Each structure stands twice: as structure tokens, then as C-alpha cells.
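Note sheet for the following structure.
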Amino acid sequence: MKPAPAELTALLPEPVARFVHEHPDDDLSHLSVSERRRYALALADLTFLRYSRPAVAVGSVREVVMGEGSASVRCRLYLPNDWQGGLHVHLHGGGFWAGTIDELVTDAICRRRAVEGEVAVLAVDYRLAPENPFPAGLEDALLVLDAALSTSQGIGHDPRNVSLGGVSAGGNLAAAATIELGERARLLRVLLLEVPAVDLSPSALPDLADRSTREEYEQLLALYLQGNAEPLDHRVSPLYASDLTRFPYTYIRVSEFDALRPGAERFAARLRGAGVPVDEECTAGALHGVLSLDRVWKPAQEWQARAGVLLRDVHTGPAARERTVGS
């Protein structure tokens with residue numbers, strides 16, 4: 043995370059401003075991608091230990107492989123003690139090149155949503171660029187979703203009671219996967235998008251604050267795509283999909299001072315225009331990566347709690363039971 047401009051820092055709540063001030067802005071250009079990835083993981087874990095609430099206990103956690111043979115994806119399954127068969131598929135963030143289900147923050151988010159949402163949570167360890175450029179991560183997300191919607195595949199969930207969510211780059215993959223599902227996307231109970239990167243086109247660049255950030259963005263995009271698709275491809279930038287009418291109920295959470303916010307808001311508007319039920323909330327005073335500040339900042343706690351309530355309602359509430367019986 044690059045330091046926020048002084049004029050922006052003055053607008054931030056104290057815990058968020060402190061987080062920005064203490065976050066290192068090291069030049070990592072001398073490191074290989076794998077070394078940067080290790081650095082990012084270590085920094086994410088240190089940030090979690092400093093700013094986040096401890097992970098909560100769940101009924102059980104186990105490794106799950108979705109698919110078979112070379113067409114398989116490592117996942118981690120979190121089961122709550124009070125489970126009624128619903129399954130939420132979670133795609134972590136990390137800019138398409140970093141992030142993992144082994145991060146402390148991803149583990150904590152999945153645990154809390156399993157408990158508060160009374161739903162099994164399946165964290166997907168999708169492939170990362172540059173070793174596995176686009177569309178590898180999207181293919182992994184689709185493989186897991188296809189399996190989850192078709193069969194319990196050793197999980198024991200109800201394939202009629204599945205939802206999907208993603209954070210940042212994971213939000214991009216979740217939205218793109220929903221488009222690729224076509225008519226089957228309607229089977230999803232909810233699409234939960236948190237600070238999603240739904241517009242990776244050149245037109246999104248003016249939303250980025252400074253030249254160094256724009257250059258970093260361009261490098262990240264080149265690393266991810268490697269010439270396999272154009273930024274306007276709907277699988278890369280879901281905002282530009284021609285047809286969004288098959289989307290399920292969608293909840294979008296954005297941060298006030300996030301460069302990804304305008305794209306996410308335009309995406310919400312397009313969904314509404316397509317007749318899709320959408321709820322959209324903006325966390326005041328928030329930057330892109332503050333979801334994990336839930337030990338020191340109440341709005342981050344409320345953000346987490348809102349997601350838990352949403353998952354519980356769609357998976358176990360009256361509407362969910364009626365839909366399962368009638369499906």
C-alpha cells in the first residue's frame with residue numbers, strides 16, 4: 043500500500059490513518075515474484091496480528107480437492123457446529139499474483155463467516171499469475187463452482203444452497219465466473235462482492251491517484267493477462283459484459299477512498315439496469331485494504347457482521363427454505 047496523500051490522510055479515521063502510516067512502502071523491484079509473494083504473505087500476517095480480532099473456533103476445518111487429476115483445485119472447508127447444508131464459496135484477494143487461503147486474514151474471515159452465517163465456507167486456492175496467467179484463476183473458480191452446484195463432492199452440502207463471494211481480485215473472479223455460468227448463475231443464493239476490481243480497462247486509470255500507482259496497475263495487468271485477453275474482455279472487466287440479466291441477488295461493499303470504488307458503483311448501476319436485485323453499501327473513511335482492521339476500528343467489525351447476517355439470511359432464512367423446498 044502506497045502512502046496516502048497528506049490531504050487524504052487528514053480525512054481518514056485515526057485507526058485507518060495509523061494503519062497507513064505504519065504500513066511499509068518498500069521498493070521490492072529487486073525481488074523475484076515468488077520473493078514478493080512471500081513478503082506479501084508475511085506482511086499480511088503481521089497486519090492481521092496487529093489489527094485484527096483473533097480467529098474464532100469453528101466445528102471443523104479440512105482440506106478439500108475439488109475436481110479430479112490435473113483439473114483439480116485445492117480448497118479449505120470450514121464447517122460451523124450449527125450447519126444446515128448451505129455452502130459459501132470464497133475467493134481471496136491479492137491482485138491476481140498474491141494472496142492465498144493460508145493467509146491468517148483469509149482464514150479468520152472464513153471462520154467468522156462460517157460461524158456468523160451458519161454456512162459452510164469453501165476457500166479456493168486458485169492459481170496465480172505470472173506462473174499461471176489469465177484465464178487460469180477464472181478457470182479454477184469455475185471448476186469449483188460447477189462442482190459445488192452439481193454435487194456435494196464429499197462436502198455434504200446442498201447443491202441448491204450455494205453462494206459465491208470474493209474480495210478485490212477475488213471479487214473480479216467471482217463476478218466473471220457468474221457471467222460465465224450463464225443461466226446457472228440464477229442458482230446462486232447471493233453474489234457477495236467486497237471492494238471488487240470489476241473494471242481493469244484503461245478508462246479506470248483516472249480513478250487511480252498518482253502516476254506511480256497507475257504504473258503499478260499497468261504492470262500488474264500485464265503480469266496477469268500476458269496477452270491472453272484484452273482489458274475490455276468481460277472475463278477481465280465484468281463491468282463491460284453485454285448481458286448481466288442472469289445475475290443472482292448481489293451485495294456490493296465498497297470503501298469510500300478506494301480507487302476501485304467508481305468501477306464497482308458503475309457495476310451496481312448496470313446490474314440494477316438489468317433488473318438484478320442489488321444492495322450496495324459504502325464504508326465511510328475506508329481505504330481498499332481495511333477489512334481486516336476489525337480489532338481497532340468499529341466499521342470494519344460492522345462490515346464483517348453485515349456479511350455474516352447476509353449469509354445467514356440467504357442460506358437459512360425463510361426465503362432460503364422456501365426456495366430449497368420449491369426447487
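Each position in the sequence shown, counted from 1, maps to that position plus 42 in my numbering.
Built from N, CA and C at the ideal position, the CB exists for glycine as well.
Fair warning: this is a prediction, and the values are worked out from it, not measured in the lab.
7 Å CB neighbourhood of residue i in its chain, flanking five on each side removed
i: Asp127; result: Note that residue 127 corresponds to Gly in the displayed sequence, not to Asp. Closer than 7 Å at Cβ, skipping near neighbours: His199, Asp200, Asn203.
i: Val75; result: Trp139, Pro172
i: Pro273; result: Leu242, Ser243, Pro244, Leu263, Ser279
i: Glu56; result: none
i: Gly137; result: Ala211, Leu262
Backbone CA spacing between residue i and residue j [nearest angstrom]
i: Ala349; j: Ala271; result: 33 Å
i: Arg92; j: Arg78; result: 21 Å
i: His330; j: Met108; result: 30 Å
i: Tyr19; j: Arg303; result: Because the chain in this structure spans residues 43 to 369, residue 19 falls outside the shown range and cannot be described.
i: Glu158; j: Pro360; result: 17 Å
i: His130; j: Val356; result: 10 Å
i: Ile372; j: Leu191; result: Because residue 372 is not part of the residues shown, which for the chain are 43 to 369, the question remains open.
i: Asp68; j: Thr287; result: 43 Å
i: Leu265; j: Gly212; result: 16 Å
i: Leu50; j: Asp188; result: 43 Å
i: Val106; j: Ala328; result: 34 Å
i: Leu223; j: Ser279; result: 16 Å
i: Ala84; j: Pro341; result: 25 Å
i: Glu344; j: Ala283; result: 32 Å
i: Gly317; j: Cys324; result: 21 Å
i: Arg363; j: Tyr291; result: Its pLDDT being 48, under 50, Arg363 is placed unreliably by the model, and the measurement read from it follows with that caveat. Approximately 16 Å, taken between the alpha carbons.
i: Val367; j: Ile151; result: With a pLDDT of only 37 at Val367, under 50, the local geometry of the prediction cannot be trusted, and no value is derived from it.
i: Arg80; j: Leu170; result: 13 Å
i: Leu313; j: Glu110; result: 34 Å
i: Leu54; j: Gly269; result: 38 Å
i: Glu225; j: Ala246; result: 29 Å
i: Thr89; j: Asp285; result: 39 Å
i: Ser334; j: Asp275; result: 31 Å
Residues of its chain near residue i, where Cβ-Cβ distance is below 8 Å and the 5 sequence neighbours each way are ignored
i: Ala113; result: Leu185
i: Leu215; result: Leu133, Tyr168, Gly179, Leu180, Ala183, Gly208
i: Thr193; result: Pro201
Three-state secondary structure assigned by DSSP to residue i
i: Thr325; result: strand
i: Leu235; result: strand
i: Val296; result: strand
i: Tyr291; result: coil
i: Ser194; result: coil
i: Glu110; result: strand
i: Ala165; result: strand
i: Leu335; result: coil
i: Val62; result: helix
i: Leu54; result: coil
i: Glu225; result: helix
i: Ser102; result: strand
i: His357; result: helix
i: Gly155; result: This sequence places Arg at residue 155; Gly is not what is there. Helix, per DSSP.
i: Ser71; result: coil
i: Gly137; result: coil
i: Leu281; result: helix
i: Leu302; result: coil
i: Val209; result: strand
i: Arg95; result: coil
i: Val320; result: strand
i: Arg79; result: helix
i: Arg312; result: helix
i: Leu119; result: strand
i: Leu184; result: helix
Integer Cβ distance of residue i from residue j, believed to fall under 8 Å
i: Leu73; j: Pro175; result: Not really, about 19 Å apart at Cβ, beyond 8 Å.
i: Ala178; j: Leu133; result: The pair is not a contact, with the Cβ atoms about 13 Å apart (cut-off 8 Å).
i: Val209; j: Asp167; result: Incorrect: roughly 14 Å between the Cβ atoms, too far for contact.
i: Arg295; j: Ser94; result: Actually they do not touch by this definition, with Cβ atoms about 17 Å apart.
i: Glu298; j: Ala326; result: 5 Å
i: Ala2; j: Arg256; result: Outside the modelled stretch of the chain, which goes from 43 to 369, sits residue 2, for which no answer is possible.
Proximal residues to residue i (C-beta, below 6 Å), its chain only, five neighbours per side dropped
i: Asp321; result: Tyr293
i: Gly141; result: His134, Gly135
i: Val351; result: none
i: Arg451; result: Outside the modelled stretch of the chain, which goes from 43 to 369, sits residue 451, for which no answer is possible.
i: Thr358; result: Gln126, Glu160
i: Asp124; result: Glu160
i: Leu234; result: Gly207, Tyr293
i: Trp339; result: Pro57
Proximity of residue i and residue j at Cβ, strictly below 7 Å
i: Leu281; j: Leu263; result: no
i: Gln40; j: Arg60; result: Since the first and last residues shown for the chain are 43 and 369, residue 40 lies out of range.
i: Pro122; j: Val100; result: yes
i: Val163; j: Ala86; result: no
i: Arg228; j: Ser205; result: no
i: Asp149; j: Ala97; result: yes
i: Thr220; j: Phe289; result: yes
i: Gly305; j: Val240; result: yes
i: Val237; j: Val58; result: no
i: Arg118; j: Ala165; result: yes
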